[in-house]
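Participant: Have a look at this one.
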Amino acid sequence: MLFLSSLVCILSFCVTSIPPSQARISEFDFKNTVVIDNTFYQSCATAVTCDPSSKYRTINGSCNNLLNPLWGSSGTPYIRLGSAFFADGDHQIRFQSSGNKLPGPRELQLAISTISPNIIDVPEITNVHFTQMGQWLAHDITLMSPDLSGPSDCCAIQNSDDIPPQCQAVITIDPMDQVYLMFDVPRRSCLSFRRAMTTTLNFNCSITPQIPINQATAFVDASQLYGHNNIKAASLRSNVDGKLKTEMINGQRFCVQQKRNSTFCDGRDNVCVCFDHGDVRNNQNLGIIIYGELFLRLHNHIADSLKLINPNWTDEILYEEARKIVIALNQIFVYRDYLPLLFGEDYSENSGLTLSKFKRTVYDESLMPQVSTELSAGSFRVPHNIINTYYSLVDENNKVLNVLKLHEFMMFPDIIVENKNLEYILRGMSLNSSRYPVASYNLGISNFMFHNMIKNIADSDLLATDIQRGRDVGIPPYIKVRELCGFSVITSFDDLLKILSPTAIGLLKLYYEDVASIDLIVGSLLEPIIPGAWFGETTRCILADGFYRIRYGDRFFCDVQDQPGSFTDEQFEVLWNLNLTQIFCAMSKIDQLPSNFFMSYGNSEMIDCEELSLDLQLWRHSTNG
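Numbering (mature numbering (1 follows the signal peptide of the UniProt record, and there is no 0)), first residue to last: -23 to -1, 1 to 602.
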């Protein structure tokens, strides 16, 4: 794949192309150009003044690129790898080529769930941490916020003559929906769905076609821990010795709780605990809560260690240096450990994704480190198919104490603070396998997402939501995205026989009138899994583009040299020698974790936990702050 980089502006649009020196060996080659409407940056965004000598990245991601200070920052538009697909060229959800409506997302989900899984070529057996790391990473780089203004229940106003834009894409439910009838779910006509916030409707910046805003920074910078903007980041700091706020709950130290007036905390009854993280989604499930807690403890542990060797450092320096180390460790864990397992080691290495101890990242200031709509609303949702159905609570003797259904414990952090449950769940995540990468999502998140939440949110359908989100933001159909990736042009269902199984094609024919109407995520989920990877070739293409951009377009990436604040070789060596097993062992009271953190029981040796061996002597007086 050629990752499109050097910027050429024509009127209000910018297209990108890669200089020959940056071309990499890959099976993909983007045939068209990335199109960026520059209206936002030229006319709507607030001017930013940067300090080129600053050794710390900003909280909101601005000033990473000194020539284009807003690239990759929070609150900026997603890019598109291809043209937007809207019925009216602006915002109306597209139709099939005939002009008829697209098949209902709920209908498609139910149909996909009937396809027998093909698990002949499965990747190595990973555990639930592999899945959880994917969500932790997704929360770091992308936040496509729904428009929560207006009516509280979009389904309740569907018979109105004046439905506001944010409520114009609810997901219809057949009155005879077999799953909901089988499980005696209260009957209703639709699942609530709110359209994504766009520059035009929500940020007073008219752009046609409309484009959603990424509320997260595009970089792997632990913004889900520290916050996406200065106000949020400041609210999480203790302002003492560089540490983040914590509070004692049941004799254990956790991050502070937030006020109960938040949409993300008032969704269900009888909940007493709601943590205040850097990202609004970090109370969503038990796994993401644990990751947020343990990385918070890591930050404070590092700040304490730095204070011991540099007693004269201010709160600000201690905070920034600890944050810088935590960010670097996150980048190492993603690019050294997670992505090679996700993509397959050979492809990851050949595509320039695998982080190497011996080959440093070379920063490319012409590469736009922006997340694409195709990734956020499409391809990075495909791994939802490996989310397991449950969490196990497992004690020190590997005895299963309890099994918790994922969908029943969403937005319910209370259980984490009870007894040794954090350690019990952490151990269970290590021992239980992630789900096989089949076309469907698990039964719980496909039908009962947010099961115990308030009425207009409860029992939602994640796959139907993912299908609708792709349509909502106008990402191209499946065959158009394949063309972007340099694959052969598809003009008929018969052409799909080179890619998909006859069973998959038969299903698509039942619901889509023509091959040009197939949704990206539907086609992607039906693709055969590439040996060694966790998805098909179309998903791999889009994700590789995204993770390449946000690494090589990051001036502060952990192993980039010759920038203010770059780690020395010796400092980088110290960080390189750490892994997630060591970190999570030290930040919890667990006794054992897998030596290969993402591999399940029987595929990785369980090792005894020890104190964290993190010698920060190389940071003694290493800053001029």
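All C-beta atoms in this analysis are idealised placements derived from N, C-alpha and C, irrespective of residue type, glycine included.
#1: Measuring alpha carbon to alpha carbon, tell me which of ASN37, PRO29, GLU550, GLY542 ends up nearest ILE294.
#2: Taking the alpha carbon of LEU202 as the point to measure from, which residue in ASN77, ARG404, ARG274 has its own alpha carbon closest?
#3: For ILE527, which three-state DSSP category applies?
#4: Check whether the segment 478 to 496 and the segment 530 to 541 are in contact - that is, three or more C-beta pairs closer than 8 Å.
#5: Since ILE519 contacts GLY355 with CB under 8 Å, what's their CB separation in whole angstroms?
#6: Use the C-beta contact count for GLU588: other C-beta atoms within 10 angstroms, 16 or more gives buried, fewer gives exposed.
#7: State the DSSP-derived secondary structure class of PHE464, mapped to helix, strand or coil.
#8: Looking only at its chain, what residues have a beta carbon closer than 7 Å to the beta carbon of ASN379, apart from the 5 residues adjacent to it on each side?
#9: Tell me the DSSP secondary structure of GLN594 in three-state form.
#10: Counting only the same chain and skipping the five closest in sequence on each side, list residues whose C-beta sits under 6 Å from that of ASN207.
#11: Over the uninterrupted alpha helix (DSSP H) stretch that includes PHE107, give me the two end residues.
#12: Mapping DSSP to helix, strand and coil, what is THR515?
#13: Contact between the segment 571 to 588 and the segment 253 to 263: three or more CB pairs below 8 Å?
#14: Can you tell which of MET576, SER565, TYR578 has its C-alpha closest to the C-alpha of GLN229?
#15: Name the one or two DSSP bridge partners that ASP585 has.
#16: Just the C-alpha distance for SER386 and CYS562, rounded to the nearest angstrom, thanks.
#17: Which whole-angstrom value describes the C-beta separation of GLY81 and ILE148, a residue pair presumed to lie in contact below a C-beta threshold of 8 Å?
#18: What's the C-alpha gap between LEU43 and ASP341?
#19: If contact is defined by three or more beta carbon pairs under 8 Å, each pair taking one atom from either stretch, is the segment 186 to 205 in contact with the segment 463 to 477?
#20: Is DSSP giving PHE470 helix, strand or coil here?
#21: Output needed for ARG367: all residues of its chain with C-beta closer than 7 Å, excluding positions within five of it in sequence on either side, in chain order.
#22: What would DSSP say about VAL537, mapped onto helix, strand or coil?
#23: According to DSSP, is ALA173 helix, strand or coil?
#24: I need the straight-line Cα distance from residue 675 to ASP65, nearest angstrom please.
#25: Excluding sequence positions up to five away, which residues of its chain have a Cβ less than 7 Å from the Cβ of VAL156?
#26: Leaving aside the five residues before and after HIS276 along the sequence, list all residues of the same chain whose C-beta is less than 6 Å from its C-beta, in chain order.
#27: At the level of alpha carbons, what is the spacing between ILE102 and LEU318?
#28: SER369 lies in the beta strand (DSSP E); which residues open and close that run?
#29: Only counting the same chain, and skipping five residues up and downstream in sequence, which positions put a Cβ closer than 6 Å to that of PHE170?
#30: May I ask which residues mark the beginning and end of the beta strand (DSSP E) holding ASP14?
#31: Can ASP491 and GLN73 be called in contact, C-beta distance under 8 Å?
#32: Roughly how many angstroms separate the alpha carbons of PHE389 and ASN259, rounded to a whole number?
#33: Using the DSSP secondary-structure output, state which residues sit across from PHE63 in a beta bridge.
#34: Residues in the same chain with beta-carbon distance under 6 Å from THR558, minus the five sequence neighbours each way, listed in chain order, please.
#35: When you compare only the Cα positions, how much space is there between GLU297 and GLY219?
Facilitator: The structure says:
#1: By 1-based counting over the sequence shown, the position of residue 294 is 317. It is GLY542.
#2: The residue you call residue 202 lines up with position 225 of the sequence shown. In this structure, ARG274 is the residue among ASN77, ARG404, ARG274 with its C-alpha nearest to the C-alpha of LEU202.
#3: Numbered from 1 along the sequence shown, position 550 holds the residue referred to as residue 527. Here ILE527 sits in helix by DSSP.
#4: no
#5: The residue labelled residue 519 in the question sits at position 542 within the sequence shown. The residue labelled residue 355 in the question sits at position 378 within the sequence shown. ILE519 to GLY355, Cβ: 7 Å. Contact.
#6: Numbered from its first residue, the sequence shown carries residue 588 at position 611. By the 10 Å Cβ count, GLU588 comes out exposed.
#7: Working through the sequence shown from its first residue, we reach residue 464 at position 487. Three-state result, PHE464: coil.
#8: In the sequence shown, residue 379 corresponds to position 402, counting from 1. Excluding positions up to five away in sequence, the list reads LEU370.
#9: Taking the first residue of the sequence shown as 1, we reach residue 594 at position 617. GLN594 falls in the helix class under three-state DSSP.
#10: In the sequence shown, the residue the question calls residue 207 occupies position 230. ILE36.
#11: Counting from 1 along the sequence shown, the entry for residue 107 is found at position 130. Element bounds for PHE107: 105 to 118.
#12: Along the sequence shown, one-based indexing puts residue 515 at 538. Residue state, collapsed to three classes: helix.
#13: no
#14: For this step, residue 229 is matched to residue 252 along the sequence shown. Nearest of MET576, SER565, TYR578 to GLN229, Cα basis: SER565.
#15: Taking the first residue of the sequence shown as position 1, residue 585 is located at position 608. GLN569, per the DSSP bridge assignment.
#16: Looking up residue 386 in the sequence shown gives position 409. Looking up residue 562 in the sequence shown gives position 585. Going by the sequence as given, residue 386 is Phe instead of Ser. Their backbone Cα atoms lie some 24 Å apart in a straight line.
#17: As a first step, residue 81 must be located in the sequence shown, where it is residue number 104. As a first step, residue 148 must be located in the sequence shown, where it is residue number 171. A Cβ-Cβ distance of about 7 Å is found for the pair GLY81 and ILE148, placing them in contact under the 8 Å criterion.
#18: Reading the sequence shown from its first residue, position 66 is the one you call residue 43. Reading the sequence shown from its first residue, position 364 is the one you call residue 341. LEU43 and ASP341: Cα-Cα distance of roughly 12 Å.
#19: Judged by pairs of C-beta atoms under 8 Å, the segment 463 to 477 does not touch the segment 186 to 205, as fewer than three such pairs exist.
#20: Within the sequence shown, the letter at position 493 stands for residue 470. Three-state DSSP puts PHE470 in coil, outside helix and strand.
#21: In the sequence shown, residue 367 corresponds to position 390, counting from 1. In the sequence under discussion, the amino acid at residue 367 is Tyr, which differs from the Arg named in the question. VAL380, LEU381, LYS382, LEU383.
#22: Mapped onto the sequence shown, residue 537 falls at position 560. Of the three classes helix, strand and coil, the one that applies to VAL537 here is coil, per DSSP.
#23: Position 196 of the sequence shown, counting from 1, holds the residue named residue 173. Note: ALA173 maps to strand in three-state DSSP.
#24: In the structure as shown, the chain starts at -23 and stops at 602, and residue 675 therefore has no counterpart that could be examined.
#25: Along the sequence shown, one-based indexing puts residue 156 at 179. Only LEU87, ASN424 meet the Cβ criterion.
#26: Indexing the sequence shown from 1 puts residue 276 at position 299. Cβ neighbours of HIS276 beyond the five flanking positions: LEU221, ALA299, VAL303.
#27: Position 125 of the sequence shown, counting from 1, holds the residue named residue 102. Position 341 of the sequence shown, counting from 1, holds the residue named residue 318. Looking at the two C-alpha atoms, the distance is approximately 11 Å.
#28: Here residue 369 corresponds to residue number 392 of the sequence shown, with the count starting at 1. Residue range 367 to 371 is occupied by the beta strand (DSSP E) that includes SER369.
#29: Counting from one through the sequence shown, the residue named residue 170 turns up at place 193. Within the same chain, PHE170 has close Cβ partners ALA146, VAL147, ILE148, GLN445.
#30: The residue given as residue 14 occupies position 37 in the sequence shown. Where ASP14 is concerned, the enclosing beta strand (DSSP E) stretches over 12 to 14.
#31: Taking the sequence shown and counting its residues from 1, the one referred to as residue 491 is at position 514. Taking the sequence shown and counting its residues from 1, the one referred to as residue 73 is at position 96. In contact: ASP491 and GLN73 (Cβ atoms closer than 8 Å).
#32: Residue numbering aside, residue 389 sits at position 412 when the sequence shown is read from its first letter. Residue numbering aside, residue 259 sits at position 282 when the sequence shown is read from its first letter. Roughly 11 Å between the two C-alpha positions.
#33: In the sequence shown, counting from the first residue as 1, residue 63 sits at position 86. PHE63 pairs with ILE70.
#34: Translated into the one-based positions of the sequence shown, residue 558 becomes position 581. Within the same chain, THR558 has close Cβ partners LEU570, PHE574.
#35: As a working note, residue 297 is residue 320 in the sequence shown. As a working note, residue 219 is residue 242 in the sequence shown. Distance between the alpha carbons of GLU297 and GLY219 is about 7 Å.
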